[in-house]
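Going down the list, the protein sequences come from chains G and P. First residue of the first sequence? That's 0 in numbering that gives the first Met the number 0, and the numbers climb one at a time after it. First residue of the second sequence? That's 0 in numbering that gives the first Met the number 0, and the numbers climb one at a time after it.
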Amino acid sequence: MNWLPIALLAVPLAGSAVLLAPLPVDAPARGRLLRLHGLAVSGITFLLAVVLAAGFDHADPARVQFTTDLAWIPGLDLRFHLGVDGISLPLVVLTTLLTFLCFVYLCWGRSDGPGQLLRPRPGGNRPRALVFTLLVLEVGMIGTFLALDLLLFFVFFEIVLIPMYFVIAVWGGRARRAAATKFILYTLLGSVALLVGLLLVWAQTGTLDMVALGGAQGTGMSRAVQIIAFLAIGIGLAVKTPMWPLHTWLPDAHTEAPTVGSVLLAGVLLKMGTYGFARIAIPVLPDGAAAVAPWLGALAVVGIVYGSLACLAQRDLKRMIAYSSIGHMGFVLLGFATLTPVGVNAALFGNIAHGLITGLLFFVAGAVKERYGTADMPTLGGGMLVRLPHLGSVLTFACVASLGLPGLAGFWGEMLALLGAFDPAPGLSRPLFLTFMAVGGLGTVLTAAYFLVMLSRVTHGRPTETVHAPLLAGVKAGVSPGDTAAEAVAGPGDTAAEAVTRPGEAVPESAGRVSADAVDTGTASVRTGGRAGPGGGGTGPGGGGGLRDVRAYEVAAWAPLVGLILLFGLWPKALLLITDPVVRTFVGAP
Amino acid sequence: MIQSIDLYAIAPPLILAVAAGLVLLLDAFLPRRPYSRPLLGGVTLAGVFGALGAVVAQALRTGAPLRTFCVPEGMAGPSRPGLIPSGAMGGGPPAGDLPAIAAGPSCSFVVDGFTLVFAGLALAAGIVVVLLSMAEISSGADVPAGEWHFLLLCVLTGAVVLPAARDLITLVVALELVSLPVFALTALRRYDGRASEAAVKLFLVSVVSTAVMLFGVSLLYGVTGTVHLDRLAQDLRQYTPWSGVDPVPPAESQAYASSLQISHDLPPVLTVAMVLVLAGFAFKVAAVPFHAWAADVYQGAPVPVAALLSVVSKAAGFAGLILILVAALPAQAALWAPIIAIVAALTMTAGNLLALRQRHAVRLLAWSSVAQSGYILAPLGVQTREAANASIAYLVFYAAMNLGAFAVVMLVSRRDGQEGIDGYRGLAFRSPAAGLSLVFFLICLAGLPPGLAGLFAKIVVFREIVGGGGAWLVAVMAVNTVIGLYYYATWAARILTPVPVPVPVPVRVPAPASARAPAAGGTADNVTGGVVAEDAAAGAPGATRAASGAARGGPGSAAGWLPVGVAIALSGIAAVAFSAAPQAVLDLVPGFLIASR
Chain G
0 MNWLPIALLA
10 VPLAGSAVLL
20 APLPVDAPAR
30 GRLLRLHGLA
40 VSGITFLLAV
50 VLAAGFDHAD
60 PARVQFTTDL
70 AWIPGLDLRF
80 HLGVDGISLP
90 LVVLTTLLTF
100 LCFVYLCWGR
110 SDGPGQLLRP
120 RPGGNRPRAL
130 VFTLLVLEVG
140 MIGTFLALDL
150 LLFFVFFEIV
160 LIPMYFVIAV
170 WGGRARRAAA
180 TKFILYTLLG
190 SVALLVGLLL
200 VWAQTGTLDM
210 VALGGAQGTG
220 MSRAVQIIAF
230 LAIGIGLAVK
240 TPMWPLHTWL
250 PDAHTEAPTV
260 GSVLLAGVLL
270 KMGTYGFARI
280 AIPVLPDGAA
290 AVAPWLGALA
300 VVGIVYGSLA
310 CLAQRDLKRM
320 IAYSSIGHMG
330 FVLLGFATLT
340 PVGVNAALFG
350 NIAHGLITGL
360 LFFVAGAVKE
370 RYGTADMPTL
380 GGGMLVRLPH
390 LGSVLTFACV
400 ASLGLPGLAG
410 FWGEMLALLG
420 AFDPAPGLSR
430 PLFLTFMAVG
440 GLGTVLTAAY
450 FLVMLSRVTH
460 GRPTETVHAP
470 LLAGVKAGVS
480 PGDTAAEAVA
490 GPGDTAAEAV
500 TRPGEAVPES
510 AGRVSADAVD
520 TGTASVRTGG
530 RAGPGGGGTG
540 PGGGGGLRDV
550 RAYEVAAWAP
560 LVGLILLFGL
570 WPKALLLITD
580 PVVRTFVGAP
Chain P
0 MIQSIDLYAI
10 APPLILAVAA
20 GLVLLLDAFL
30 PRRPYSRPLL
40 GGVTLAGVFG
50 ALGAVVAQAL
60 RTGAPLRTFC
70 VPEGMAGPSR
80 PGLIPSGAMG
90 GGPPAGDLPA
100 IAAGPSCSFV
110 VDGFTLVFAG
120 LALAAGIVVV
130 LLSMAEISSG
140 ADVPAGEWHF
150 LLLCVLTGAV
160 VLPAARDLIT
170 LVVALELVSL
180 PVFALTALRR
190 YDGRASEAAV
200 KLFLVSVVST
210 AVMLFGVSLL
220 YGVTGTVHLD
230 RLAQDLRQYT
240 PWSGVDPVPP
250 AESQAYASSL
260 QISHDLPPVL
270 TVAMVLVLAG
280 FAFKVAAVPF
290 HAWAADVYQG
300 APVPVAALLS
310 VVSKAAGFAG
320 LILILVAALP
330 AQAALWAPII
340 AIVAALTMTA
350 GNLLALRQRH
360 AVRLLAWSSV
370 AQSGYILAPL
380 GVQTREAANA
390 SIAYLVFYAA
400 MNLGAFAVVM
410 LVSRRDGQEG
420 IDGYRGLAFR
430 SPAAGLSLVF
440 FLICLAGLPP
450 GLAGLFAKIV
460 VFREIVGGGG
470 AWLVAVMAVN
480 TVIGLYYYAT
490 WAARILTPVP
500 VPVPVPVRVP
510 APASARAPAA
520 GGTADNVTGG
530 VVAEDAAAGA
540 PGATRAASGA
550 ARGGPGSAAG
560 WLPVGVAIAL
570 SGIAAVAFSA
580 APQAVLDLVP
590 GFLIASR
């Protein structure tokens with residue numbers, strides 16, 4: 000029994016449990032304590048993950064380390080079996096890092112900046128419930144990557160559903176209820192298929208121990224059983240991943256989820272699906288994997304092309320990033336489908352890279368949406384690099400990383416996946432996989448195309464002002480975008496009047512003038528943008544300024560991601576060294 | 000002939016019956032004073048606790064199962080020859096086969112693991128129902144307390160006797176003891192048209208089902224000439240598709256072949272008898288196609304009675320069903336298992352689909368409990384004898400979750416006057432404890448973490464079906480789990496959604512205007528966004544809580560709600576305990592039925 004994995008689960012769990020206790024202090028003190036609490040708990044968890052990574056024996060990553068094996072429910076053969084090896088370690092660290100960065104984003108400073116905890120929202124934003132939900136979510140995510148028992152894996156896999164449902168349904172955008180319902184029904188359907196597959200494996204082999212099952216390489220199960228089990232488990236995981244025809248929940252969920260929800264959804268929850276392929280489906284059911292691999296590869300490349308084409312057609316920034324996730328996950332699945340060490344390594348690398356890059360992209364998209372009140376690209380107009388230079392730069396960086404520029408993390412996953420498809424495992428049809436490679440290559444071009452089109456529409460060009468000026472005034476006045484949008488429909492005069500009546504505002508008269516005279520908006524926004532520029536480094540929040548550039552808490556949340564994207568882009572071995580030995584044992588390669 | 004009766008064995012039903020008589024006497028002779036109603040409730044509760052204590056004591060003792068009302072050794076044969084020659088073929092009960100009906104004289108009343116689980120379940124559920132009843136009675140002046148508690152104790156007596164019954168006649172009598180008082184309980188709220196309608200519906204359905212089942216039972220008796228379940232099993236063993244000594248169930252293809260074989264060999268009348276008995280029990284557990292009564296009856300009956308129907312009555316029905324199928328007709332599994340599987344699939348599908356459109360809380364719970372019946376039935380539809388374990392385990396999990404949900408629904412419907420699920424909007428802010436516990440129970444019923452109890456219950460059932468090779472049943476159940484989640488999740492989300500506008504909800508108990516004003520003010524502030532959001536968020540529920548507190552101080556009186564609170568807490572503790580340590584439930588499942596993998 001090792002304390003570290005247990006502590007990784009216990010800290011966030013205890014942190015969320017503490018929040019259930021009533022707190023007899025006044026509201027401002029409670030808000031302060033809450034922010035401190037969220038930062039501290041997620042920070043400690045992240046530190047524990049760092050300790051885990053530091054204490055990990057890097058010389059032998061294929062061995063499962065830090066194991067804990069306790070009986071929990073003997074009647075179900077369910078053991079509380081935790082441990083890490085080379086493929087789960089990076090994901091555990093990524094999970095704790097992203098969760099911590101989400102809390103930094105929510106809680107840093109006075110947390111009343113755009114997208115932060117104390118940002119007023121219609122109906123109240125219930126910060127305590129949000130912190131509670133995110134911490135429970137973290138328990139489920141970490142547990143999924145630590146579990147070494149099939150049913151325990153399933154239990155943790157399920158734990159994330161309800162918190163994520165509430166994150167979307169309570170703190171989401173306008174169509175949040177439908178999106179949340181779609182998300183949970185879809186993923187539950189997948190989960191049930193997964194459960195059936197896992198139980199089928201259990202019924203055939205009589206064990207739930209992933210290590211033993213992985214070592215057995217499918218002995219004890221006939222080919223037919225393996226194929227059925229792989230299909231059931233694969234469908235369950237593919238919904239989560241998501242694979243092409245099962246992806247339809249994803250764009251809605253991402254679009255409607257709040258920023259932190261999108262980040263965790265893209266950064267970690269999708270990884271739970273791909274991790275399942277690497278950890279369970281391929282090593283435990285090798286014959287099933289070999290039989291289904293061509294289909295998996297075909298659906299993967301369809302996903303790549305489909306995702307890219309769908310991206311080209313999107314108007315909403317968050318929705319476009321969501322569809323880009325489908326394309327990137329297609330590369331990951333293509334890597335798995337090759338069943339070669341190169342391909343599976345590529346998939347695992349692409350996994351982490353996608354978590355970092357898409358996490359950053361959703362952070363930035365959230366920041367854009369919070370500032371402009373919309374993520375609709377034509378409405379955003381162009382010229383973000385002029386109006387919000389820092390934000391525009393980060394957006395450009397994230398997009399370029401996502402489209403797979405060599406030297407950034409996104410490149411290696413895609414390149415190695417295509418390389419894997421060039422030379423698939425023996426037994427798989429090589430011409431078929433060469434075709435997949437060619438189509439996947441086309442996909443990379445399309446990926447580059449849509450990101451560049453998006454950048455040219457949003458960051459470049461002249462800052463043509465198409466966002467209603469009252470909207471900007473509303474953002475300034477500290478009213479949440481949802482409110483303002485609703486009021487903007489009612490009539491611009493109201494909002495302008497409200498802005499005027501509000502004391503302590505820097506430029507009420509400018510807002511009033513702008514709303515009255517729509518022609519002049521261009522100059523007005525340039526003016527406000529210019530004024531916000533110098534304050535972009537994050538001077539005292541809560542001041543009057545209009546569209547503000549990147550602020551301190553955003554820098555704090557994004558900088559680690561930027562750094563890691565660069566690190567893994569320039570030095571991919573850092574990751575491949577850990578995953579490769581495990582992958583070789585899993586696919587049975589020398 | 001003088002029989003010696005083991006009083007210790009029959010102590011639980013005896014205590015309940017004595018308590019029932021005592022309650023009736025007290026009600027007749029006590030002066031009508033304010034304390035008399037709580038006193039009757041207290042006596043009832045004491046009786047149930049006493050019976051539960053006896054059950055626990057029996058469970059803690061070791062040794063052979065207690066048996067009583069046995070046929071003396073000298074009279075071992077059937078009193079009347081049946082259609083088929085008896086006893087000759089079986090060659091004595093095979094080793095390792097159902098110790099409950101092992102060698103020795105046939106007994107009508109056996110206290111073994113199976114009995115204890117169901118008796119304990121019925122009594123624990125009974126405690127919650129009695130607590131809910133105390134609240135119901137304390138507020139409704141037109142409900143006769145003495146009769147109510149008397150009838151309740153009768154139901155519990157029947158529910159405790161039923162799992163111990165090992166002959167068809169005791170079984171039928173016990174089942175009637177469970178059913179008959181429920182009609183009266185349903186109609187006990189006088190001058191309530193809906194309750195009377197519900198009672199009539201329940202009465203008709205129940206009587207028809209009893210008649211159908213009695214016909215089946217009489218046919219069984221006619222065929223075999225015996226009413227004892229062990230002898231039935233022994234006499235029917237000659238038609239067994241597989242040897243009784245062989246514990247390994249046959250592969251599916253064999254089973255199919257043998258079921259064809261059976262249909263040739265079995266007297267057709269036996270098949271008819273089996274189907275009739277199954278139909279009778281299907282009425283009791285509200286399985287398709289005999290499910291239509293559930294919603295109307297649950298809605299019309301007082302909430303405690305609905306809880307009673309959905310847990311105690313249902314558990315009794317399942318106990319009887321499992322006894323008949325597993326103890327009396329184990330050899331005919333190839334015949335009844337497919338029927339049960341189809342019925343289970345239809346039941347869960349119908350229940351879930353009908354629940355989707357419900358807007359009334361109790362109706363929704365009614366259909367959801369029909370769907371849950373399907374899940375409980377499903378393991379019986381695969382031909383492994385251990386499968387009954389999964390049903391029992393699911394039933395135990397289900398009892399805790401469902402009783403909790405009913406308790407909260409009772410609280411809300413009586414206190415706020417809200418019956419539709421739209422009225423639950425923002426419940427978590429008005430009364431956080433009730434709201435959050437209802438969310439927990441609903442998520443448990445849906446079978447998702449953090450409601451691990453429900454998740455493990457589903458896993459147990461899935462495991463049994465996957466292990467038994469019921470592929471299509473697995474698929475149907477998987478889809479149903481998803482459908483079920485939809486209505487549980489939307490209800491739970493409603494509870495957690497704040498009420499957007501200053502409450503236009505009809506408040507039955509007038510709250511002081513001063514208490515409501517800050518709530519309205521808080522919400523208004525919130526909309527304009529003028530104050531720090533947390534302030535408003537904290538202010539609104541606080542104010543509403545104050546209002547509801549004031550309401551509670553009104554005519555309903557805190558004493559009336561105390562039992563409901565205790566009931567919610569009890570079910571909540573049970574559900575949380577089952578979530579953390581589901582092994583406790585799996586350990587409860589009787590040894591002779593436990594999977595021996």
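In this text, a Cβ means the ideal position worked out from N, Cα and C, and glycines have one as well.
DSSP-derived helix/strand/coil call for residue i
| i | result |
| --- | --- |
| tryptophan 411/G | helix |
| isoleucine 72/G | strand |
| phenylalanine 585/G | helix |
| serine 110/G | coil |
| alanine 164/P | strand |
| valine 478/P | helix |
| valine 244/P | For valine 244/P, the pLDDT reaches just 40, beneath the cut-off of 50, and the residue's location in the model is therefore unreliable, although a value from the coordinates is still provided. Correct three-state label for valine 244/P: coil. |
| threonine 496/P | coil |
| proline 554/P | Interpretation of proline 554/P is limited by its pLDDT of 40, a score under 50 that renders its predicted location unreliable; the figure taken from the coordinates is listed afterwards. Note: proline 554/P maps to coil in three-state DSSP. |
| aspartate 422/G | coil |
| glutamine 216/G | coil |
| serine 221/G | coil |
| aspartate 295/P | helix |
| glycine 406/G | coil |
| serine 107/P | strand |
| threonine 240/G | coil |
| phenylalanine 55/G | coil |
| phenylalanine 65/G | strand |
| valine 304/G | helix |
Proximal chain G residues relative to residue i, where beta-carbon distance stays under 7 Å
| i | result |
| --- | --- |
| leucine 352/P | Here the premise fails: no neighbours, minimum Cβ distance about 15 Å. |
Endpoints, the beta strand (DSSP E) within which residue i is located
| i | result |
| --- | --- |
| histidine 80/G | 77-83 |
For residue i, the first and last residue of its enclosing alpha helix (DSSP H)
| i | result |
| --- | --- |
| serine 66/P | One point to set straight first is that residue 66/P is arginine, not serine, in the sequence displayed. That residue, arginine 66/P, is in no alpha helix (DSSP H); its beta strand (DSSP E) goes 65-69. |
| valine 395/P | 386-414 |
| isoleucine 464/P | 451-467 |
| valine 444/G | 429-457 |
Near the ligand FAD: residue i beta-carbon under 7 Å from a heavy atom
| i | result |
| --- | --- |
| valine 109/P | The ligand content of the structure shown is nil, which means the ligand FAD is not present either. |
Chain-ordered neighbours of residue i on chain P, where CB pairs are closer than 7 Å
| i | result |
| --- | --- |
| alanine 202/G | Val465, Gly466 |
Neighbour list for residue i in chain G, Cβ cutoff strictly below 8 Å
| i | result |
| --- | --- |
| arginine 610/P | Residue 610/P lies beyond the stretch modelled for chain P, which goes from 0 to 596, so this question has no answer here. |
| leucine 454/P | Val154, Glu157 |
Closer than 9 Å at the beta carbon, the chain P residues around residue i
| i | result |
| --- | --- |
| glutamate 369/G | The premise fails here: glutamate 369/G is roughly 15 Å from chain P at the closest Cβ pair, so nothing lies under 9 Å. |
| leucine 75/G | Phe455, Ile458, Val459, Arg462, Pro581, Gln582, Leu585 |
Contact set between the stretch 176-194 of chain G and chain P, restricted to residues whose Cβ is under 8 Å from the partner: Arg176, Ala179, Thr180, Ile183, Leu184, Leu187, Leu188, Val191, Ala192, Leu194
Chain G contacts from the stretch 435-447 of chain P (Cβ-Cβ distance under 7 Å): Ile442, Leu447
Residues in the stretch 13-30 of chain G having any Cβ partner in chain P nearer than 8 Å: Ala26, Pro27, Arg29, Gly30
Touching by the beta-carbon criterion (3+ pairs, under 8 Å), the stretch 268-282 of chain G and the stretch 398-413 of chain G: no
At least 3 beta-carbon pairs within less than 8 Å: the stretch 237-246 of chain G vs the stretch 213-225 of chain G: no
Meets three-Cβ-pair contact criterion under 8 Å: the stretch 202-213 of chain P and the stretch 305-314 of chain P: no
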